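Engineer:
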Amino acid sequence: MAQNLEGIINPPIDELLTRAESKYALVIDAAKRARQINAYYAQLHEGLFEYVGPLVDTRMNEKPLSIAMREFNDGLLEVTPIVEAPADKEPTEGLAL
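Numbers given in my numbering equal positions in the sequence shown, counted from 1, plus 17.
1) Let me check understanding here. Comparing Cα to Cα, which of Leu33, Glu38 and Leu34 lies closest to Val100?
2) Between which residues of its own chain and Asn90 is the CB-CB distance below 8 Å, once the five residues before and five after are set aside?
3) If you draw a straight line from the alpha carbon of Val73 to that of Ala104, how long is it in whole angstroms?
4) Let's test the definition: count the other Cβ atoms within 10 Å of the Cβ of Pro167 and tell me whether it reaches 16, buried, or not, exposed.
5) Given this structure, state the Cα-to-Cα distance separating Ala42 from Leu94, to the nearest angstrom.
In structure tokens, the structure reads:
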């Protein structure tokens, strides 16, 4: 029997926003964590452990973004606050990770 995957509807966005100051911060941090989970799975067969694997029990064929959202909802990760650049400084190009 085929398993019905819930995608990113569980946990609900309203619950996730209680843990973040904005949707933007939640999306940025969840995407970063999903990339870490993806890299963990890619390096797993090589015996490299540069990244931390999923912190919650995962289901078969569950997407890394869904795993990251559940980690945030369970309080295992925190959303980092957005730091605004001073108005007198020019914004730097590129993304600092």
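Think of the CB as a built atom: it goes at the ideal place given N, C-alpha and C, for glycine as much as any other residue. Computed from a predicted model, the values in this text were never measured in an experiment.
Structural biologist: Quick answer:
1) Glu38
2) Pro28, Glu32, Leu33 and Arg36
3) 40 Å
4) With the chain covering only 18 through 114, there is no way to say anything about residue 167.
5) Ala42 and Leu94 have their C-alpha atoms some 13 Å from each other.
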